[in-house]
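What follows is a single structure, written as structure tokens, with notes after it.
2 protein chains.
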Amino acid sequence: MVPVDERRPVELDKIIHERARLMILTYLAGLEGKSMASFQEIKDALDLSSGNLSVQLKNLEQAGYIAIEKRFEDNRPVTEARLTQKGSRALTQYMDEMERIIQAARKSAAE
Amino acid sequence: MVPVDERRPVELDKIIHERARLMILTYLAGLEGKSMASFQEIKDALDLSSGNLSVQLKNLEQAGYIAIEKRFEDNRPVTEARLTQKGSRALTQYMDEMERIIQAARKSAAE
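These protein sequences, in sequence, are chains A and B.
Using the working numbering, the first residue of the first sequence is number 2, and each one after it goes up by one.
Using the working numbering, the first residue of the second sequence is number 2, and each one after it goes up by one.
This is the structure:
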């Protein structure tokens, strides 16, 4: 049996846990050198449909986890997204919680 | 940027990724000494509604990830569930994949 202290309710942030949103956030967290990624770059990197990516970016923006900026490049609109501090903290917390769940499951299975 | 080899598409098993199902599977994986848990035990441990637990157990059984047995105890029906080998393998694979995602995100963020 998993010890009592490891059996507190699972607290996985529902906004982050959705698969596409988790992919977007980890992608943005992994941006090196630059802090923003364009809609097209995220779409290509994660192989998401435009519709799904649009919806999930809006959801993440509403949660305050990402910031979206629109600007013009060669007269064409470009949408860019970046992880906010709030988003970075929430993602770290989610990953800590997920690791706790995995470690508890692995530990018990090995015993 | 996350190195190319770490940017292959995320392959998180959709059956396992759903929050309640992930909780059920990790709970069953963590059963020590005994291999089966009753409906009531799982319900209490994970704080799920009877309706939700019922639906998710059926989904997991259909995927072949758990086996469900019904028996009578003191003339009352008792439903019990256990992780199958297929379920155990799928859960291990899911946890490996999730750890890969987390490690890639943490590594990039630290660079």
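Think of the CB as a built atom: it goes at the ideal place given N, C-alpha and C, for glycine as much as any other residue.
Check the Cβ-Cβ distances between M37 of chain A and every residue of chain B, and say whether any is below 8 Å.
As a first step, residue 37 of chain A must be located in the first sequence, where it is residue number 36. Judged by the 8 Å Cβ criterion, M37 of chain A is not in contact with chain B.
Using a Cβ-Cβ cutoff of 8 Å, what residues of the stretch 94 to 107 of chain B are near chain A? List them in chain order.
Correct list: M96, M99, E100, I102, I103, A105, A106, R107.
So, does the stretch 88 to 100 of chain A touch the stretch 12 to 28 of chain A, judging by three or more C-beta pairs under 8 Å?
Result yes; three or more Cβ-Cβ pairs closer than 8 Å.
Buried or exposed: which applies to Q57 of chain B, given that a residue is buried once 16 or more other Cβ atoms fall within 10 Å of its Cβ?
By one-based count along the second sequence, residue 57 of chain B stands at place 56. The residue is buried, with at least 16 neighbouring Cβ atoms inside 10 Å.
State yes or no: is the C-beta of R107 of chain A within less than 8 Å of the C-beta of M96 of chain B?
Walking along the first sequence from the start, residue 107 of chain A turns up at place 106. Walking along the second sequence from the start, residue 96 of chain B turns up at place 95. Yes, the Cβ-Cβ distance between R107 of chain A and M96 of chain B is below 8 Å.
Among residues of its own chain, excluding the 5 on either side of L47 of chain B, which ones have a beta-carbon nearer than 8 Å to its beta-carbon?
Here residue 47 of chain B is taken as the residue at index 46 of the second sequence, counted from 1. A21, M24, I25, Y28, L54.
For R20 of chain B, return the contacting residues in chain A, with the cut-off set at a CB-CB distance below 9 Å.
Counting from one through the second sequence, the residue named residue 20 of chain B turns up at place 19. Within 9 Å Cβ-Cβ: V11, L13, K15, H18.
Taking any Cβ of chain B, which residues in the stretch 62 to 93 of chain A have a Cβ under 8 Å from it, in chain order?
So the list reads S89, L92, given in the order they occur along the chain.
Relative to the C-alpha of L32 of chain A, which candidate in A:A82, A:K87, A:Q104, A:I103 has its C-alpha closest?
In the first sequence, residue 32 of chain A corresponds to position 31, counting from 1. Measuring from the Cα of L32 of chain A, the nearest candidate turns out to be A:A82.
Going by DSSP, what residues sit across from E62 of chain B in a beta bridge?
Residue 62 of chain B sits at position 61 when you count from the first residue of the second sequence. Answer is none; E62 of chain B lacks a bridge partner.
Between K71 of chain A and T80 of chain A, which are expected to be in contact by the criterion C-beta below 8 Å, what is the C-beta distance as a whole number of angstroms?
Counting from one through the first sequence, the residue named residue 71 of chain A turns up at place 70. Counting from one through the first sequence, the residue named residue 80 of chain A turns up at place 79. Going by Cβ atoms, the distance from K71 of chain A to T80 of chain A rounds to 5 Å, so yes, they are a contact pair.
CA-CA distance, L49 of chain B and K35 of chain A?
Working through the second sequence from its first residue, we reach residue 49 of chain B at position 48. Working through the first sequence from its first residue, we reach residue 35 of chain A at position 34. Distance between the alpha carbons of L49 of chain B and K35 of chain A: 42 Å.
Beta-carbon separation of L84 of chain A and I69 of chain A under 8 Å?
Residue 84 of chain A sits at position 83 when you count from the first residue of the first sequence. Residue 69 of chain A sits at position 68 when you count from the first residue of the first sequence. It is not a contact, given that the beta carbons lie outside the stated cut-off.
Report the option in B:A30, B:S39, B:N60, B:R77 whose CA atom is closest to the CA atom of Q104 of chain A.
Your numbering for residue 104 of chain A matches position 103 in the first sequence. Ranking the options by Cα distance to Q104 of chain A, first place goes to B:A30.
According to DSSP, simplified to helix, strand and coil, what is L92 of chain A?
Reading the first sequence from its first residue, position 91 is the one you call residue 92 of chain A. Helix at L92 of chain A.
Would I102 of chain A and A64 of chain A be called neighbours here (beta carbons separated by less than 8 Å)?
Here residue 102 of chain A corresponds to residue number 101 of the first sequence, with the count starting at 1. Here residue 64 of chain A corresponds to residue number 63 of the first sequence, with the count starting at 1. Cβ atoms of I102 of chain A and A64 of chain A: not closer than 8 Å.
Could you tell me which residues DSSP puts in a beta bridge with I67 of chain A?
Here residue 67 of chain A is taken as the residue at index 66 of the first sequence, counted from 1. According to DSSP, I67 of chain A bridges with A:L84.
So E74 of chain B packs on L13 of chain B, CB below 8 Å; how close in whole Å?
Your numbering for residue 74 of chain B matches position 73 in the second sequence. Your numbering for residue 13 of chain B matches position 12 in the second sequence. Between L13 of chain B and E74 of chain B the Cβ distance is about 37 Å, and since that is not below 8 Å, they are no contact.
Quick one: grab the DSSP three-state call for S50 of chain A.
By one-based count along the first sequence, residue 50 of chain A stands at place 49. Three-state result, S50 of chain A: coil.
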